[in-house]
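Written below as C-alpha cells is the structure these notes are about.
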Amino acid sequence: MGLGSTAKKIQTLSDRAEAMYKQVKKLQQRITGLEEEMDETHTTVTRLDHQLTEQRALLLAIADEQGLDGEQILADAAIDEAERDGSTEADDGSAAAEDGATDTTAE
C-alpha cells in the first residue's frame, strides 16, 4: 500500500511538472513573439523619424524659398500646441484676457 501511494504521488507530481513545462513553453513563445514585434516597431519608428526629419528639412527649404521664416512658424506652432495642451480653465482665462486686450487696442 505504501508503494502504491508513493507511485500515485509521483505520477501527480509528474503531471504537474508536465503542465508547468507546457506553460513555460507557451510563455517562451509569447516572449519571442513580443520581442519580434518590438523589433519591428523599433524599425518602423526609426524609419518614420527619418522620414519626418526629411520632411521638416524640405518644408523649411520651401518656406525659405517663399521668403518665410520656417523656424519661427514652427516655434509659434509649438507655443500654440503647448497652450492648447494646458488646462481648460487656463486656456479660457488667457483667451478672455487676450480678447480684452484686443478690444482695448481696437477702440
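1 is the number of the first residue of the sequence shown in UniProt numbering; add one for each residue after it. Backbone N, C-alpha and C fix where the C-beta goes; we use that ideal spot for every residue, glycine too. Because the structure is a prediction, the values reported are computed rather than measured.
Length of the line joining the Cα atoms of residue i and residue j
i: Thr-102; j: Gln-51; result: With a pLDDT of only 46 at Thr-102, under 50, the local geometry of the prediction cannot be trusted, and the value read off the model is given with reservation. So the two alpha carbons sit approximately 40 Å from each other.
i: Arg-47; j: Ile-10; result: 55 Å
i: Ser-14; j: Arg-30; result: 24 Å
i: Met-38; j: Leu-27; result: 16 Å
i: Gln-72; j: Thr-43; result: 31 Å
i: Lys-8; j: Lys-22; result: 21 Å
i: Glu-18; j: Ser-5; result: 20 Å
i: Leu-68; j: Asp-76; result: 13 Å
**Message:** Runs of 4 residues minimum, wholly inside the segment 4 to 87: which ones carry the alpha helix (DSSP H) assignment?
**Reply:** Unbroken alpha helix (DSSP H) stretches of 4 residues or longer found wholly inside the segment 4 to 87: 70 to 85, given in chain order.
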